[in-house]
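Residue numbers (our numbering), protein chains in the order written: chain A, 642 to 793; chain B, 642 to 793; chain C, 642 to 793.
Structure first, commentary second.
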């Protein structure tokens with residue numbers, strides 16, 4: 642059975658370096674065996690944030706990829722806090738889509754995050770989840786995802 | 642003192658069979674003494690989802706009943722995970738209303754969920770809560786409710 | 642090193658008396674070493690709720706102060722539950738802004754809550770966080786903030 646690190650490599654993925662928050666909060670806060678992760682927004686490879694609204698000017702495929710980016714950044718934040726990805730179980734994901742008021746396909750967007758967690762952590766990546774539509778998101782990003790992990 | 646199961650019977654309620662998620666998440670994820678429950682959306686008796694927006698084409702009474710349905714489904718998800726409802730305490734409820742931007746009565750809608758938890762679990766059903774308005778919800782359902790339970 | 646109570650006094654702040662919820666939920670629910678706090682909405686000194694939408698009729702400065710009020714009320718709810726503020730660590734903050742669909746500055750608003758937590762609790766006030774835009778909030782309040790605390 643491969644480790645999460647080996648799975649990331651097999652997927653051709655590299656955990657990004659996260660910019661430190663400039664405000665008075667932190668990317669990850671451990672408490673006992675729980676790890677609370679701040680919401681991550683999709684930073685593209687060119688360093689720009691992915692912006693726009695689902696149902697207006699962003700496609701489902703784009704949204705899916707942006708949610709996947711958010712999940713990759715959540716894993717990076719968890720590793721920076723905990724060190725060894727093998728200790729982690731994904732418990733709860735809250736997936737937030739910047740969407741038109743009539744949008745219906747939030748689950749198909751947030752699957753981008755859920756699928757990556759299972760690809761990287763296997764059964765330990767399978768989590769409880771809500772996937773919902775926000776009125777707006779910071780900087781008008783397309784997707785934001787926060788999560789609670791368990792640390793063995 | 643009656644058990645939660647006896648109270649459900651006295652209320653004339655039957656826990657529904659939940660459809661298994663087709664995506665890479667689960668309805669309930671246990672971690673130590675905590676149980677994280679995925680957001681539930683209101684499945685009516687005819688099997689259809691309740692759709693529409695509060696403040697537009699859904700009344701407060703309808704919204705209240707839909708929130709109650711979500712809570713019943715959350716209890717069903719918890720029982721499928723834990724078995725015995727007597728072991729459960731409701732800790733935290735996040736009630737999401739699909740609402741017009743000018744809507745004001747989110748608490749009156751989410752009371753449908755909160756009231757059912759107290760009717761079924763008694764004092765152990767009394768929880769911390771937020772009741773808020775989303776820009777949109779999956780399939781345009783009227784209400785979605787997620788929760789964290791404690792397992793004795 | 643000053644206690645949180647001493648810091649509140651140095652800031653000229655007094656914890657408000659919270660109105661008891663009239664519905665079937667509670668302001669704070671303890672579970673083991675965790676304390677789940679219900680969403681707080683900004684009650685001004687005159688007893689009125691602060692209402693309006695960011696990006697429409699509420700300024701960033703006003704929103705920041707309203708988020709600060711929410712955080713003060715969360716601390717009051719935690720003290721009413723736990724007694725001694727020195728036992729508390731802020732783990733997770735969910736900051737919800739009632740905003741125009743095009744609003745971008747949610748973090749600058751919710752900083753009002755995050756900053757107060759650090760002013761009162763020092764390093765123990767530094768938390769994981771999301772700061773996002775809701776379609777609507779109860780009574781059309783400007784901001785609502787919920788939190789999870791740790792109790793030593």
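Virtual Cβ for every residue (Gly too), placed ideally from N, Cα, C.
A quick note: this is a predicted structure, and the numbers were derived from the prediction, not measured.
When the five nearest sequence neighbours on each side are left out, the beta carbons in the same chain lying within less than 8 Å of the beta carbon of residue 786 of chain A are those of 680, 681, 708, 711, 712, 715, 734, 735, 736, 737, 751 and 754, in order along the chain. Take the alpha-carbon of residue 718 of chain A and the one of residue 644 of chain A: they are about 18 Å apart. For residue 738 of chain B, the enclosing beta strand (DSSP E) begins and ends at 729-739.
By the Cβ criterion, the segment 650-668 of chain B is in contact with the segment 766-773 of chain A, since at least three pairs of Cβ atoms, one from each stretch, lie closer than 8 Å. Exclusion of the five residues before and after residue 793 of chain A leaves 728 as the residues of its chain whose Cβ lies within less than 6 Å of its Cβ. The shortest CA-to-CA distance from residue 683 of chain A to any of A/766, A/739 and A/745 is the one to A/739. The same chain holds no residue with a CB closer than 6 Å to that of residue 700 of chain B once the five nearest residues on each side in sequence are set aside.
According to the DSSP assignment, residue 652 of chain A belongs to no alpha helix (DSSP H), since it is labelled neither H nor E. Residues of the segment 677-696 of chain A that bring their beta carbon within less than 7 Å of a beta carbon in chain C comprise 677, 678, 679 and 680, in sequence order. Following the DSSP letters along the chain, one finds residue 791 of chain B inside the beta strand (DSSP E) bounded by residues 784-792. Within the segment 747-781 of chain B, those residues whose Cβ lies closer than 9 Å to any Cβ of chain A are, in chain order, 774, 775, 776, 777, 778, 779, 780 and 781.
For residue 742 of chain B, the nearest CB of chain C lies under 8 Å from its own CB, placing it at the interface with that chain.
Rounded to whole angstroms, the separation of the alpha carbons of residue 730 of chain B and residue 774 of chain C is 30 Å. Here residue 724 of chain B is exposed. Its C-beta has fewer than 16 other C-beta atoms within 10 Å.
For a Cβ distance threshold of 7 Å, residue set 670 and 677 of chain C lies close to residue 733 of chain B, ordered along the chain. Chain-ordered listing is empty here: chain A has no CB closer than 7 Å to the CB of residue 707 of chain C, the nearest sitting near 17 Å. Cβ-Cβ distances below 6 Å link residue 766 of chain B to 731, 758 and 759 in the same chain, with the five nearest sequence neighbours on each side left out; the list follows chain order. Each residue's CA atom was taken as its position, placing residue 742 of chain A and residue 743 of chain B some 13 Å apart.
Here residue 673 of chain B carries a coil assignment [DSSP, helix/strand/coil].
By the 16-neighbour rule on beta-carbons within 10 angstroms, residue 697 of chain A is exposed. Secondary structure note for residue 706 of chain A: its alpha helix (DSSP H) is the uninterrupted segment 701-723. For residue 686 of chain A, no alpha helix (DSSP H) segment is defined, and its DSSP state is neither H nor E.
In the structure shown, residue 659 of chain B falls within a coil segment according to DSSP collapsed to helix, strand and coil.
Of all alpha-carbon atoms in C/726, C/657, C/658 and C/783, the one lying nearest the alpha-carbon of residue 790 of chain C is that of C/726.
Annotation for residue 693 of chain A: 699 and 783 place their beta carbon closer than 6 Å to its own, counting only its chain and skipping 5 residues before and after.
For residue 702 of chain B, the number of other beta carbons within 10 angstroms of its own is below 16, and it is reported as exposed.
Straight through space, the alpha carbons of residue 720 of chain A and residue 647 of chain A are spaced by roughly 14 Å.
Judged by DSSP in its simplified three-state form, residue 680 of chain B adopts strand. Within chain A, no residue has its CB atom less than 7 Å from the CB of residue 792 of chain B, the nearest being about 14 Å off. Leaving aside the five residues that flank residue 690 of chain B on each side, the residues in its chain whose CB is nearer than 8 Å to its CB run, in chain order, 682, 683, 684, 780 and 782. For residue 773 of chain C, the enclosing beta strand (DSSP E) covers residues 769-775. CA-to-CA, the gap between residue 655 of chain B and residue 649 of chain B works out to about 7 Å. Straight-line measurement puts the Cα of residue 686 of chain A at about 12 Å from the Cα of residue 658 of chain A.
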